[in-house]
Each structure stands twice: as C-alpha cells, then as structure tokens.
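Novice: This is the structure I want to talk about, given as structure tokens.
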Amino acid sequence: MTPAEPYPHLDADAVADLAEDLLDPVEAAAARRHVAVCSRCNDLTAALDDIRARLQLLPVEPVPAPVVARLDAALAAERQRVPALQGASARVGHRRRGWSGSRAPQWLAAAATVTMLVVGGTFVVRGLEVSGMDAATSGGTAESAPEPAAGTGGAAKAGRESA
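Numbering (our numbering), first residue to last: 268 to 430.
Structure below.
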C-alpha cells in the first residue's frame, strides 16, 4: 500500500462484509472512504447491491427434505454427544462455558453453509433452464439457415475447379 493508495481494492468478500457491517469500525470507515473514490470498488459494491435486490425478489424456496433430514440427524447426534462431554468436564472440575465455549456457532455456520449451497444450487439450475430455453427459442439452428444463392458456395467452386 502506497500513500497514494490509502486502502487496497476490495474483493467481493470484503464488499459483502462491509455491506453487512461485519468489519470493525476503523476498517469499515477506511473501506467506505476507498469505495467513495475508487470506481472499481464502487462498481463491485453496486453489483452486490443489485444482486441483493434481485435475490429479495425471488420466492423463498423450502429446504429440500433430504437436507432437513440430514440436519436433524446431525443435531440429534450432537445433542446425544454433548451431555456426555458436559458430564465428563464436570467430573474433572471444569465449569460449563457459555455461548462462546459452545459449538453453537459452528453449527450455525454449517447450517448457513448448507442453506447457501441450496440457494446457490437453485440459481444454477434456474440459470441452466433459462439458458436452455434461450437456445431453444433463438431459432439459430443449422436446419433453419438459408440456402446459398445459386452460383455461390460449393457448386460454383466445383465448376471453377473442373474448368
């Protein structure tokens, strides 16, 4: 970073973190100042805002039943495992830790990841369906191409070669 460049360009993750207020206040302020003067980062921020607006227009898709079943099974297994660990730690003399010492943040992160994969997969499938529909309706197949005019193309070339 040089004095002429007070803040490095933001990547998509940093722009998303900035939009969701996940950066510390000092870093967020510096990033906002940079976005205000950098057309590249401003465009990236605008693109993220556009994506967010488009996503809000889509209907909420239910989580597929197999995914729900896997999550329920994983949570049930964790509930069975945690009491055994808590009993063991109590016998050793450790006190139970609060939210920060639990595995809840890890499970929330896993659940968020699964949800994002489902949503992302839905967009990929819809994108493929739309692409397929565009190709099918464009009418740009070889069968519909016009025939070459008489005296052009292969027949004219063959005539020149035999002459």
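The C-beta atom is built at its ideal place from N, Cα and C for all residues, glycine as well.
#1: Would you call Val282 buried or exposed, if buried means 16 or more other Cβ atoms sit within 10 Å of its Cβ?
#2: From Val330, Leu277, Ala296, Pro329, pick the residue whose C-alpha is nearest to that of Ala314; which is it?
#3: In whole angstroms, give me the CA-to-CA distance for His361 and Glu287.
#4: In or out: Thr389 buried (at least 16 other Cβ within 10 Å) or exposed?
#5: My output table needs one value for Pro326: the three-state DSSP class, helix, strand or coil.
#6: Of the choices Gln323, Arg300, Ile318, Leu338, whose alpha-carbon is the least far from that of Ala444?
#7: Could you name the residues of the same chain whose beta carbon sits closer than 7 Å to that of Asp284, not counting the 5 residues immediately before and after it, in chain order?
#8: Rounded to whole angstroms, how far is the Cβ of Val293 from the Cβ of Val330, which I believe are closer than 8 Å?
#9: CA-CA distance, Asn309 and Leu375?
Specialist: Per the coordinate set shown:
#1: Position 15 of the sequence shown holds residue 282. With 16 or more Cβ atoms within 10 Å of its Cβ, Val282 is classed as buried.
#2: Counting from 1 along the sequence shown, the entry for residue 314 is found at position 47. Checking every option, the nearest Cα to that of Ala314 belongs to Leu277.
#3: Residue mapping note: residue 361 aligns to position 94 of the sequence shown, counting from 1. Residue mapping note: residue 287 aligns to position 20 of the sequence shown, counting from 1. With a pLDDT of only 47 at His361, under 50, the local geometry of the prediction cannot be trusted, and no value is derived from it.
#4: Looking up residue 389 in the sequence shown gives position 122. Around the C-beta of Thr389, fewer than 16 other C-beta atoms lie within 10 Å, and the residue is accordingly described as exposed.
#5: Reading the sequence shown from its first residue, position 59 is the one you call residue 326. Residue state for Pro326 is assigned as coil, using DSSP reduced to three classes.
#6: Examination of residue 444 is not possible in this model, given that the chain is present from 268 through 430 alone.
#7: Counted from its first residue, the sequence shown places residue 284 at position 17. Excluding residues within five positions, the ones whose Cβ falls inside 7 Å are Leu290.
#8: Counting from 1 along the sequence shown, the entry for residue 293 is found at position 26. Counting from 1 along the sequence shown, the entry for residue 330 is found at position 63. Incorrect: roughly 38 Å between the Cβ atoms, too far for contact.
#9: Here residue 309 refers to the residue found at position 42 when the sequence shown is read from its first residue. Here residue 375 refers to the residue found at position 108 when the sequence shown is read from its first residue. Their backbone Cα atoms lie some 31 Å apart in a straight line.
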